[in-house]
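Last residue of the sequence shown: number 373 in the working numbering, and the count goes up by one each step with no gaps.
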Amino acid sequence: MQNPFKKQHNAKSENIKISGYEKNSRAREGYQRYVGKKLFFLVCMLGLVTFLSAFIVTIGPLEISVSEVYKILLSSLFPSYFASEGLPSQIVWNIRLPRIVAGIMAGFGLGICGCVMQAVLKNPLASPFTLGISSGANFGVAVAAVMGVGVMGGPYLLVGNAFLFSMLCALFIIALASFKGATSETLILAGIAINYLFGSLSDLFRYFATDEQLRIMVSWGMGDLSAFSWSNFALLLGVFVFCTPLLYLKVNDLNIMAIGDENAKSLGIDANRVRMFSMLLASLLIATVVCFTGTIAFIGLVAPHMARMVVGSDHKYLFPASGLLGALILISADATGLNILRPTMIPTGIMTSLLGVPFFMYLILKKKKKEFW
1 MQNPFKKQHN AKSENIKISG YEKNSRAREG YQRYVGKKLF FLVCMLGLVT FLSAFIVTIG
61 PLEISVSEVY KILLSSLFPS YFASEGLPSQ IVWNIRLPRI VAGIMAGFGL GICGCVMQAV
121 LKNPLASPFT LGISSGANFG VAVAAVMGVG VMGGPYLLVG NAFLFSMLCA LFIIALASFK
181 GATSETLILA GIAINYLFGS LSDLFRYFAT DEQLRIMVSW GMGDLSAFSW SNFALLLGVF
241 VFCTPLLYLK VNDLNIMAIG DENAKSLGID ANRVRMFSML LASLLIATVV CFTGTIAFIG
301 LVAPHMARMV VGSDHKYLFP ASGLLGALIL ISADATGLNI LRPTMIPTGI MTSLLGVPFF
361 MYLILKKKKK EFW
């Protein structure tokens, strides 16, 4: 006998299937819009960095018209059509453009490293200098300035020592953490200890330094982009090309580690290994940036928080957004320091602190929850 309810039952099943399909379709459309907004923000940031760079190259203590600046830039591409020589050409090519390139690369590097360190250390106050890298670099500069001892001679005396001692600090902390277990607490405590140790040693060298030696140490510690030149570009670019893709490959692991090391382990992620690998690459990138620019504060701390407010905590988008915002902040701060009190030039590190502190205070006061992400 035919069941009279079979047709009604089949109709209900089909309705349920259609309703489920519609819900899945709406969910996919909502996710695509969500991702589209993040990609749109990244494109806008990239365009803003490009536009701001094109504007900054036209301003400076020496007045050069906008048309003359771009005539100088085009002269390298089309020398037969645009001929430009003399002091303006030297200033644009050897002073302004290197500062802009250094600002973009240093800001991007500090931003992504701050993002990675805040993720692996699970600490909103983590920055590229949490591991004592800046204090190690300062000590290396102090040794070079006071004792004249360095791994390299000539114009690379300060740069070589800053890189060597910053990497030694990072490697010492990573080795200590691997021996005791690479937890976020171990890395933070080891970084604090190294900061105090090398900060004290640098102060000791300052105490015995002459006026000229003290001036070198203080000037380098303020942070400035003027030390960067085209001869350093290949080295800095090589480190970026090596470190940045490898760090980005770990963004999914960083997302999983946000739920805890034990939960990450249950999903097949070795949190300690990812933490050590990420910290090593970030330390290499930071040490390379710091040895050419000096101590530039707040970029690695503020840029990831600004990006997180816009794109959320997904590191696939937070990683590049932090880098682009870091580059935008740094070139803006450098341009402000160069032009706000002409002809006096304010060091870049001072300007980043002056611009970063108010925003960070706003961020602290705005947060209502205990968690920052």
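Beta carbons are placed, not taken as given, at the ideal position from N, Cα and C, and that holds for glycine.
Supposed contact pair residue j and residue i - C-beta distance, whole angstroms, cut 8 Å
i: V120; j: M257; result: 7 Å
i: L355; j: M45; result: The Cβ separation is near 17 Å, so there is no contact.
i: G349; j: T295; result: 6 Å
i: R99; j: F228; result: 7 Å
i: P61; j: P343; result: 5 Å
i: W93; j: V141; result: W93 to V141, Cβ: 28 Å. No contact.
i: S127; j: I331; result: At roughly 19 Å, the Cβ-Cβ gap does not stay under 8 Å, so S127 and I331 are not in contact.
i: A102; j: L225; result: 5 Å
i: G337; j: G114; result: Their Cβ separation, rounded to whole angstroms, is 21 Å, which puts G337 and G114 out of contact at 8 Å.
i: F165; j: A137; result: 6 Å
i: M276; j: S178; result: 6 Å
i: M351; j: A333; result: 4 Å
i: P358; j: Q118; result: Rounded, the Cβ-Cβ distance is 20 Å, inconsistent with contact.
i: F51; j: F139; result: Rounded, the Cβ-Cβ distance is 39 Å, inconsistent with contact.
Test item: CB-CB of residue i and residue j under 9 Å
i: G323; j: G109; result: yes
i: V241; j: K316; result: no
i: T244; j: I112; result: yes
i: I174; j: L249; result: no
i: F55; j: V143; result: no
i: L236; j: F319; result: no
i: Q213; j: V159; result: no
i: A282; j: K38; result: no
i: K122; j: S184; result: yes
i: L363; j: V302; result: yes
i: M222; j: S202; result: no
i: N255; j: S200; result: no
i: V69; j: V57; result: yes
i: G326; j: G47; result: no
i: A297; j: S353; result: yes
i: I64; j: I91; result: yes
i: Q176; j: T186; result: Gln is not the amino acid found at residue 176; the sequence shown has Leu there. Contact flag set, yes.
Proximity test, residue i beta-carbon vs the ligand ADP heavy atom, cut-off 8 Å
i: R342; result: Summarising the ligand content, the structure contains no ligands, and the ligand ADP is consequently not present.
In DSSP terms, what residue i is bridged to
i: L341; result: T344
- Within the chosen definition, does the region 120-140 reach the region 185-192 through at least 3 CB pairs nearer than 8 Å? Segment contact: the region 120-140 against the region 185-192, three or more CB-CB distances shorter than 8 Å; contact assigned.
- Quick one: any contact between the region 280-292 and the region 302-319, if contact means 3 or more CB pairs under 8 Å? In short, these stretches do not touch, since the Cβ pair count stays below three.
- Task: Pick out the complete alpha helix (DSSP H) segments inside the region 250-280, 4 residues or longer, and give them in chain order.
- Result: Annotation note: the region 250-280 contains the following uninterrupted alpha helix (DSSP H) runs of length 4 or greater, listed N- to C-terminal: 251-257 and 261-266.
- Query: In chain order, which continuous runs of the alpha helix (DSSP H) of length 4 or greater are located wholly inside the region 97-168?
  - Reply: Here the runs fully enclosed are 97-121 and 133-147.
- Item | Whole runs of the beta strand (DSSP E) within the region 282-317, excluding any shorter than 3 residues | Uninterrupted beta strand (DSSP E) stretches at least 3 residues long and entirely within the region 282-317 do not occur.
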